[in-house]
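Peer 1: My questions will all concern the structure given below.
Numbering (the numbering used here), first residue to last: 151 to 1142.
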């Protein structure tokens, strides 16, 4: 103020201090046009479901934040003149009238109480409830309490008119009378306070309220008093109030006391001081008849003749109306080093504001109508004002004006800033310029053009940043460069720059978003990253590390710590619905005072933000299902035969036929702070498992539902983004048609089963007869076949026997012939032939002796061949041991003869040649089965082995040729190994 006064004195200008008309708070109004039944609100209360109940002279009205539902005599009320409302611990609503006694509403129907129930009084002034759950009344005929289904007059108090009643937490009863002051009943003791024995301003008590702190606030027709710790005092009221009549009390979330005055507006009591609110502060009328606070922290104000008002969002205070100025456009806003705020408008008005009272200059150095774009308080000796008519330099002893004649690229100057050397730079519509030797020197951009420059910013490293229409630039000396860190980044229409406490820079681009430059890394945040709009106008970072973002729609408070940590945008949006009524912030018209208060220059005036009062609404919205309809039409479920819930009116245990499968659900969530911002999510379990996206409409429809059981689930979100913890659910069923019902299907299955069973039994009887006949025929044919089989078996046995005998004769003849052969070689050949014939003879002998005439056990067959060879060659098994390792396997005659001859040849060779001179050893036969058809037969000994020059392919041995020839019959081949004796390996195939 000293600097400003000095400036004005030197200019010989007269300064007239004119205060703003008033601070305007956030009030919202409802009148008859919005559905109120009558404009006099005599009492207000909120029930457990979140509804607001209003007592009027036109009936009882229930308000959900959007719609009013009014109850009248047609609904069961005894009178339309409602005077008092109270919800008891059992969630019943007690309604007092001015002329018809008391009414109780249990959520379904109204029940009246009068003389028959012990209550002769017609006028009910107040209702309260004690710690035992008993309801008390202050009436025109005394004080009454409810017990055992009826009312009883409290005889401890004298007869008379009692206008107020309240209970303290310790059970103390306070009763206010119309003429005799205040009564206190504690246990069996009673005390009376009056003007004669206390500081009570009047004996006519109009309101009583026990504060959360335990203090009793007393309203009279001539002022108010407070009783605390046994002492009754009368607080000093604002001087403009002289013995005001008090109508009501309530308390806000911050613990402030609100006092309603019958003809003088509102009082807010904060930390021992009263603030007086009248029409100038946003009230529609000073005639306040009732007050209440809801669970979300809003204050509700009932007026006498002007309807209902709501006070919310106390963190915003508005200055919209000044003397001779109505909603001025604050285009320039700055805070100097002393904490004084400076204001400028688009019409050239200019003011200083040391606290909250702007002092407007009456004589201005610039022409009327000049738009002040920004104010730059350089120091106590110089203040630069950028305007639509050049730059103005205000000094204590002079005022200087610089225009295009002094080198400015354009008369439209947007912003000014001083660099580290003290050189003043200005951003204009024609480009950038700096001040030197009383003139301005324009500087071209790197492209060589003089493009529009919107803003300038000097960061903590003393670098000056330039926001221009075609991008972001940086000053280097007296030249402009494109920052290397932003190479390749397309970002235009830059209107504001801000820096956080870590030195990160942020740039606002209209219809571009926000550009963040951190550690030489650039990132642009757009709508894809969560911005509600990309039309960013102004940025400002406050002392609490919040970045305020002014857009074309609203103001965002963005938390920078989370943005820096994980790159996520976490912000709160402020619009007219939650207190920011300035509509739109002017370019770079944001500032913060030393006490942390934020100031916004808007298109409607000046708005103040008080961070200490800012509270997010964390109260869950009260969600309820209001209606279930068929085919989107109102449905009378009772007429359709369905029982309904007495409270909600919804059908209970709803089971619909299959052709009534088109259902609509109406729902509502109570959020009194911002009902227009409530959003819903829902799903129908059994139809879709995923939640719907958040939607605004409070209804949904499901068509062509298949038979089954479904549960509709509903969630709601309040105005500050908090979702209800648990969904509201409603379960119903679509009954399938008769032909799809379980019992019908069961009966049908029984009928089908019985039919099938009957047919089966008839068929069985027929089959039994046929089977008997067939069985007789089969038995006859079986006997014939068995006889033929026996004949064939006998014939085969005879054949095998004759073949065996014939082979035995051949062997005998060979033996006789061998006796007369003297040539050893011939004798050896005779011996080989004899053993081969003997092996075939053994096969036929075994077939003759066994019942199975087709197959022969291979292991037993090999054993008999070896025993015959051992006997023929005079070898004992004690000298040359025989080892056979093979699975139990039976083969046909052809394969047996072939394998028998092969084994005969190989074992004969081993017995003859492997163990000369009576050597001992071992002969092994090993058969390995690889799969169903492939086998490996190995015959080996540990004798002296084959000669070194032995070649199986060139050998002229008859036995080897025989073995090789026989192996082809089995699709096999031989392999010989001469290590540690002789090993003959046959790989062959046996057909399964």
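All residues carry an ideal CB built from backbone N, CA and C; glycine is no exception.
On the three-state DSSP scale, how would you describe residue 723?
Peer 2: strand
Peer 1: Out of curiosity, what's the CA-to-CA distance linking residue 871 and residue 840?
Peer 2: 20 Å
Peer 1: Does DSSP put residue 1125 in a helix, a strand or coil?
Peer 2: strand
Peer 1: Taking the beta strand (DSSP E) that residue 1023 falls in, what are its first and last residues?
Peer 2: Where residue 1023 is concerned, there is no enclosing beta strand (DSSP E), given that its DSSP letter is neither H nor E.
Peer 1: At 4 residues or longer, what runs of the alpha helix (DSSP H) sit wholly inside the segment 666-742?
Peer 2: 710-716
Peer 1: From residue 1031 to residue 1055, what distance separates their C-alpha atoms?
Peer 2: 17 Å
Peer 1: From residue 468 to residue 508, what does the alpha carbon distance come to, in whole angstroms?
Peer 2: 13 Å
Peer 1: Check each candidate in 1080, 1093, 1087 and 975 and name the one with the smallest Cα separation from residue 1029.
Peer 2: With distances taken between Cα atoms, residue 1029 lies closest to 1093.
Peer 1: Quick check on DSSP: helix, strand or coil for residue 762?
Peer 2: In this structure, DSSP gives residue 762 a helical state, which the three-state scheme calls helix.
Peer 1: Looking only at its chain, what residues have a beta carbon closer than 6 Å to the beta carbon of residue 169, apart from the 5 residues adjacent to it on each side?
Peer 2: Annotation note: pLDDT 43 at residue 169 (below 50); position unreliable, coordinate value reported separately. Counting only Cβ-Cβ distances below 6 Å, and skipping sequence neighbours, we find 507.
Peer 1: Smallest Cα separation from residue 399: which of 389, 439 and 846?
Peer 2: Checked all of 389, 439 and 846; the closest Cα to residue 399 is 439.
Peer 1: Measure the alpha-carbon distance for residue 637 versus residue 646 and round it to whole angstroms.
Peer 2: 19 Å
Peer 1: Starting from residue 1115, trace the alpha helix (DSSP H) both ways and give me its first and last residue.
Peer 2: 1108-1119
Peer 1: Can you list, in chain order, the residues of its chain with a C-beta nearer than 8 Å to that of residue 436? Leave out the 5 residues immediately preceding and following it.
Peer 2: 411, 413, 414, 415, 428 and 429
Peer 1: In whole angstroms, give me the CA-to-CA distance for residue 165 and residue 510.
Peer 2: Here the model assigns residue 165 a pLDDT of 35, short of 50, so the residue's position is not dependable, and the following value carries that caveat. Spanning the two alpha carbons is a distance of roughly 8 Å.
Peer 1: What does the Cβ neighbour count give for residue 649, buried or exposed, with the cut at 16 atoms within 10 Å?
Peer 2: When all chains shown are included, residue 649 counts as buried.
Peer 1: Return the CA-CA distance between residue 175 and residue 807, expressed in angstroms with no decimal places.
Peer 2: 56 Å
Peer 1: Let me know if residue 418 comes out buried or exposed under the rule of 16 or more other beta-carbons within 10 Å of its beta-carbon.
Peer 2: buried
Peer 1: Let me know the secondary structure DSSP gives residue 527 once reduced to three states.
Peer 2: strand
Peer 1: Rounded to the nearest angstrom, what separates residue 849 and residue 773 at their Cα positions?
Peer 2: 13 Å
Peer 1: Among 602, 1088, 665 and 1062, which has the Cα closest to the Cα of residue 1036?
Peer 2: Ranking 602, 1088, 665 and 1062 by Cα distance to residue 1036 puts 1088 first.
Peer 1: Anyone know if the C-beta pair for residue 516 and residue 502 falls short of 8 Å?
Peer 2: no
Peer 1: Using C-beta distances below 7 Å, list every residue in its chain close to residue 744, excluding the 5 sequence neighbours before and after it, in chain order.
Peer 2: 489
Peer 1: For residue 781, count neighbouring C-beta atoms within 10 Å of its own C-beta (all shown protein chains included) and say buried if the count is 16 or more, exposed if not.
Peer 2: exposed
Peer 1: Between residue 639 and the rest of its own chain, which residues show a CB-CB distance below 6 Å, the 5 nearest in sequence each way excluded?
Peer 2: The answer, listed in chain order, is 672.
Peer 1: Taking all protein chains shown into account, do 16 or more other C-beta atoms lie within 10 angstroms of the C-beta of residue 159, making it buried, or fewer, making it exposed?
Peer 2: Low confidence applies to residue 159: its pLDDT is 32, below 50, so where it sits in the model is not reliable, and the reading given next is rough at best. With fewer than 16 other Cβ atoms within 10 Å, it is exposed.
Peer 1: Please name the residue or residues paired with residue 1035 in a DSSP beta bridge.
Peer 2: 1076
Peer 1: Rank 576, 1136, 1110 and 483 by C-alpha distance to the C-alpha of residue 556 and give the top, closest one.
Peer 2: 576
Peer 1: List the endpoints of the continuous beta strand (DSSP E) containing residue 1044.
Peer 2: No beta strand (DSSP E) holds residue 1044; the alpha helix (DSSP H) holding it covers 1043-1059.
Peer 1: To the nearest angstrom, how far is it from the Cα of residue 464 to the Cα of residue 769?
Peer 2: 17 Å
Peer 1: Can you tell me whether DSSP reads residue 605 as helix, strand or coil?
Peer 2: strand
Peer 1: Helix or strand or just coil, what does DSSP make of residue 240?
Peer 2: coil
Peer 1: Reducing DSSP to helix, strand and coil, say where residue 446 ends up.
Peer 2: coil
Peer 1: Measure the alpha-carbon distance for residue 630 versus residue 710 and round it to whole angstroms.
Peer 2: 29 Å
Peer 1: Tell me the DSSP secondary structure of residue 156 in three-state form.
Peer 2: Its pLDDT being 38, under 50, residue 156 is placed unreliably by the model, and the measurement read from it follows with that caveat. In the structure shown, residue 156 falls within a helical segment according to DSSP collapsed to helix, strand and coil.
Peer 1: Just how far apart, CA to CA, sit residue 460 and residue 193?
Peer 2: 14 Å
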